[in-house]
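Asks:
Number of protein chains: 2
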Amino acid sequence: MDDVGKGPWLDDDEQKAWRSYLLMNKTLETHMERHLQREFGLSKSDFEILVNLSEAENGRMRAFELGRATQWEKSRMSHHLTRMEKRGLIRREACQARYPEVVITAEGQAAIEACAPQQAARIREFFVDVFGPERLAELGKAGDEVVETIRRHEENDCPPEVRGTC
Amino acid sequence: MDDVGKGPWLDDDEQKAWRSYLLMNKTLETHMERHLQREFGLSKSDFEILVNLSEAENGRMRAFELGRATQWEKSRMSHHLTRMEKRGLIRREACQARYPEVVITAEGQAAIEACAPQQAARIREFFVDVFGPERLAELGKAGDEVVETIRRHEENDCPPEVRGTC
DNA sequence: TCGACCCGGTTGACACATCAACCAGACGAG
DNA sequence: CTCGTCTGGTTGATGTGTCAACCGGGTCGA
Numbered sequence: 083m084d085d086v087g088k089g090p091w092l093d094d095d096e097q098k099a100w101r102s103y104l105l106m107n108k109t110l111e112t113h114m115e116r117h118l119q120r121e122f123g124l125s126k127s128d129f130e131i132l133v134n135l136s137e138a139e140n141g142r143m144r145a146f147e148l149g150r151a152t153q154w155e156k157s158r159m160s161h162h163l164t165r166m167e168k169r170g171l172i173r174r175e176a177c178q179a180r181y182p183e184v185v186i187t188a189e190g191q192a193a194i195e196a197c198a199p200q201q202a203a204r205i206r207e208f209f210v211d212v213f214g215p216e217r218l219a220e221l222g223k224a225g226d227e228v229v230e231t232i233r234r235h236e237e238n239d240c241p242p243e244v245r246g247t248c
Numbered sequence: 083m084d085d086v087g088k089g090p091w092l093d094d095d096e097q098k099a100w101r102s103y104l105l106m107n108k109t110l111e112t113h114m115e116r117h118l119q120r121e122f123g124l125s126k127s128d129f130e131i132l133v134n135l136s137e138a139e140n141g142r143m144r145a146f147e148l149g150r151a152t153q154w155e156k157s158r159m160s161h162h163l164t165r166m167e168k169r170g171l172i173r174r175e176a177c178q179a180r181y182p183e184v185v186i187t188a189e190g191q192a193a194i195e196a197c198a199p200q201q202a203a204r205i206r207e208f209f210v211d212v213f214g215p216e217r218l219a220e221l222g223k224a225g226d227e228v229v230e231t232i233r234r235h236e237e238n239d240c241p242p243e244v245r246g247t248c
């Protein structure tokens, strides 16, 4: 309620920066994703899961932790894991503990080892190197601030009232 | 082939910046989208179409131009337009020219006029103001460079050879 | 004039995300 | 003990995006 008053829409500079940002996002994302899909038959989502699993102890995690790491909703996680299981990239494995663990298969391991270096190279080529170290650091800081601001706003907006619909 | 050689994966600083950037994206996007959905029943895609139409001459455009403006595939456009038509936000209208025109309805106009100011205010609050003018300008420039780099790379990668699969 | 292609647009099948409902074990209060 | 509730996880319905195939009117060369 304290931010409205500069006019109903963004002014030209604001607009321009915002649109540049959006365009960069879309371009980067579609480029990376298309490459991943065409060369390796993996989606961005597959990649995210495989990265997390391959970095984990013994290549195994609970679905819950995967959810925390990726910020996905649990139902999305469940659906996607069943699809990946069907394709042989992961396996759900019952263990002595309460809940089953998600395990990366040899095939999954091979897939990510095959594509990770190229992904990294692309990130460098199109993002890291274009920004350069100073701008990169700036962006990182600003990004964290944005996230922080939104976090604060959201928890402000709905303090633990009875409403579960936050 | 000239970028590989710094190691197969990103180093710590690169990694950190990249992840901050990704997180900012996801946070911003889900926040904005959720707000739009809950308060106004519009998706980001609906919004994009309505913005373009409402800025156009007479609130009407060819689907083709919408496609150019939004960078969507034609099939996605077609599907989404039929859905929006069913909801009464737009109308497809045959005219004397070759192809039908997409027209924004009164209802669509009302919807976007209702939500646009709040969208703008949120963009200011969480993006423009957090970055501040200098960093915003930097980001805009860097973003354009990224887009430019990818463009060059892609047209380089597949010059107008016979392959239509670019 | 005829056929080959191009181009804007539609369609159908399928992959994916989201939402709400459900399930089962754990846990705490009575 | 048992009833309510919480939590991690699954399921099904539905909305959305993508791919490939198709359609119909133009255009161009033979």
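As you go down the protein sequences, you meet chains E and X in turn.
Per the numbering used here, residue 83 is the first one in the first sequence, and the count goes up by one each step.
Per the numbering used here, residue 83 is the first one in the second sequence, and the count goes up by one each step.
Idealized CB from N, CA, C, for every residue including glycine.
Keep in mind the model is a prediction, meaning the values are calculated, not measured.
Alpha carbon to alpha carbon, how far is residue 135 of chain X from residue 200 of chain X? Give it in angstroms, no decimals.
Replies: 19 angstroms
Asks: From the DSSP output, in three-state form, read off residue 144 of chain E for me.
Replies: It is a strand residue.
Asks: In chain order, what residues of the same chain lie with their CB nearer than 7 angstroms to the CB of residue 126 of chain X, ignoring the 5 residues before and after it?
Replies: 115, 118
Asks: At the level of alpha carbons, what is the spacing between residue 91 of chain X and residue 232 of chain X?
Replies: 20 angstroms
Asks: Under 6 angstroms Cβ to Cβ from residue 190 of chain E, same chain only, skipping five residues before and after it: list those, please.
Replies: 132, 171, 172
Asks: So what does DSSP say about residue 217 of chain E, is it helix, strand or coil?
Replies: helix
Asks: Go ahead and label residue 104 of chain E buried or exposed: buried means 16 or more other beta carbons lie within 10 angstroms of its beta carbon, across all protein chains shown.
Replies: exposed
Asks: Pull up the DSSP beta-bridge partners for residue 172 of chain E, would you.
Replies: In the DSSP secondary-structure assignment, residue 172 of chain E is bridged to E:186.
Asks: Residues of the stretch 108 to 132 of chain X with a CB closer than 8 angstroms to any CB of chain E: list them in chain order, please.
Replies: 108, 109, 110, 113
Asks: Taking C-beta to C-beta, are residue 145 of chain E and residue 163 of chain E nearer than 8 angstroms?
Replies: Going by C-beta atoms, residue 145 of chain E is nearer than 8 angstroms to residue 163 of chain E.
Asks: In chain E, what lies closer than 7 angstroms to residue 151 of chain X by C-beta?
Replies: Those do not exist, as residue 151 of chain X stays about 11 angstroms from chain E at its closest Cβ, beyond 7 angstroms.
Asks: From which residue to which residue does the alpha helix (DSSP H) around residue 95 of chain E run?
Replies: Note, residue 95 of chain E: alpha helix (DSSP H), 94 to 122.
Asks: Quick check: is the beta carbon of residue 146 of chain X nearer than 8 angstroms to any beta carbon in chain E?
Replies: no
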